[in-house]
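Numbering follows this note's numbering, in which position 22 of the sequence shown is assigned residue number 73; successive positions increment by one, without gaps.
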Amino acid sequence: MKELDSAAELVEYLEGFLTGARKERIREILGQRTRYITPVLEDLVDPHNSSACLRSAEACGLQDVHIIENRHAFQVKSGVSMGSAHWLSLHRYRGAMDSAQGDQNSAGATEQCFGALRKAGYVIYATTPHRSSISLPELDLMRPAAIVFGSEKDGISRYARNNADHCLEIPMFGFTESFNISVCAAITLYSLSQKLRQSDISWELSESEKLELRLQWARHSLKRSDLLEANFRSTARTGLTARNP
Numbered sequence: 052m053k054e055l056d057s058a059a060e061l062v063e064y065l066e067g068f069l070t071g072a073r074k075e076r077i078r079e080i081l082g083q084r085t086r087y088i089t090p091v092l093e094d095l096v097d098p099h100n101s102s103a104c105l106r107s108a109e110a111c112g113l114q115d116v117h118i119i120e121n122r123h124a125f126q127v128k129s130g131v132s133m134g135s136a137h138w139l140s141l142h143r144y145r146g147a148m149d150s151a152q153g154d155q156n157s158a159g160a161t162e163q164c165f166g167a168l169r170k171a172g173y174v175i176y177a178t179t180p181h182r183s184s185i186s187l188p189e190l191d192l193m194r195p196a197a198i199v200f201g202s203e204k205d206g207i208s209r210y211a212r213n214n215a216d217h218c219l220e221i222p223m224f225g226f227t228e229s230f231n232i233s234v235c236a237a238i239t240l241y242s243l244s245q246k247l248r249q250s251d252i253s254w255e256l257s258e259s260e261k262l263e264l265r266l267q268w269a270r271h272s273l274k275r276s277d278l279l280e281a282n283f284r285s286t287a288r289t290g291l292t293a294r295n296p
């Protein structure tokens with residue numbers, strides 16, 4: 052409880068340097084944030100696509116993005132992501148990342164990620180146009196959902212396809228087999244986010260989660276927040292010493 056009180060005091064202190072409009076905006080967005088749905092990006096290659104996926108996740112109010120790097124390092128392009136990574140919680144799982152020697156089925160990081168997701172209670176859905184059991188409009192959100200999106204060229208890995216709880220497809224009505232990865236992510240995440248918000252499911256963040264993000268976002272919003280924090284802690288220590296000579 053003391054740690055929580057201390058964090059709350061630090062948040063209040065830092066937010067004192069923000070404008071009223073920024074503080075209100077942070078509280079408004081926190082009220083719409085959720086961890087109930089989370090995207091999983093497996094071995095994306097193109098920074099434009101990686102960045103667009105982050106932007107879509109943030110715009111849909113999804114807080115966590117899980118990033119799998121078996122063969123390719125995840126990179127973003129700031130002009131496309133529009134700074135969205137600053138407001139997200141990115142969870143990275145790194146493998147050998149040797150695209151020259153590794154094959155499409157390298158799966159060490161994917162296995163780590165799936166283990167973490169299952170421990171957190173997620174049902175894992177792998178997006179693929181090849182072997183599908185669930186159409187996007189039919190996906191049941193009675194349990195938290197992790198949606199896996201694969202690389203632009205190869206799609207999801209064999210491990211992801213074989214070890215996901217379900218495969219998921221977006222219905223297509225033309226000759227084209229699938230959407231571009233960033234378009235697929237945008238459609239899927241927006242559709243599921245809307246379905247979740249229209250349901251009776253309790254999808255909101257806890258108060259402790261909101262406090263943690265208020266601190267993270269206040270730090271990002273301020274220049275040299277580290278100096279402000281140092282001043283806060285120094286003042287707090289001085290006050291404690293004065294009370295306990």
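Here a beta-carbon is modelled for each residue, glycine too, at the ideal position from N, C-alpha and C.
Which same chain residues, not among the five before or five after glutamate 189, have their C-beta less than 8 Å away from its C-beta? Walking along the sequence shown from the start, residue 189 turns up at place 138. Here glutamate 189 has no same chain residue with a Cβ atom under 8 Å from its own Cβ, once five neighbours each way along the sequence are excluded.
Shortest alpha-carbon distance to lysine 261 belongs to which of Ala72, Arg122, Arg86, Leu81? Mapped onto the sequence shown, residue 261 falls at position 210. Answer by Cα proximity: Leu81.
Could you check how far apart the C-beta atoms of isoleucine 88 and leucine 243 are, in whole angstroms? I think they sit under 8 Å. Start at 1 with the first residue of the sequence shown, and residue 88 comes out as number 37. Start at 1 with the first residue of the sequence shown, and residue 243 comes out as number 192. At roughly 5 Å, the Cβ-Cβ gap stays under 8 Å, so isoleucine 88 and leucine 243 are in contact.
Using 8 Å as the threshold, is the C-beta distance between glutamate 93 and serine 272 below it? Taking the first residue of the sequence shown as 1, we reach residue 93 at position 42. Taking the first residue of the sequence shown as 1, we reach residue 272 at position 221. Going by C-beta atoms, glutamate 93 is not nearer than 8 Å to serine 272.
Output the distance between the C-alpha atoms of serine 57 and alanine 177, rounded to the nearest integer angstrom. Mapped onto the sequence shown, residue 57 falls at position 6. Mapped onto the sequence shown, residue 177 falls at position 126. Here the C-alpha atom of serine 57 lies approximately 41 Å from the C-alpha atom of alanine 177.
Who are serine 202's beta bridge partners in DSSP? As a first step, residue 202 must be located in the sequence shown, where it is residue number 151. DSSP output for serine 202 lists Gly206 as bridge partner(s).
Nearest neighbour of alanine 110, chosen from Ala287, Tyr241, Leu266, Leu264 [CA to CA]: Along the sequence shown, read from residue 1 onward, the residue named residue 110 stands at position 59. Alanine 110 has its Cα closest to that of Tyr241, out of Ala287, Tyr241, Leu266, Leu264.
Of the residues Ala167, Ile118, Ala136, Ala171, which one's Cα is nearest the Cα of arginine 145? Residue mapping note: residue 145 aligns to position 94 of the sequence shown, counting from 1. Selected option, being the one with the closest Cα: Ile118.
Starting from serine 272, follow the beta strand (DSSP E) in both directions and report where the run begins and ends. As a first step, residue 272 is located in the sequence shown; it is residue number 221 there, counting from the start. Going by DSSP, serine 272 is part of no beta strand (DSSP E) but of the alpha helix (DSSP H) stretching over 258-272.
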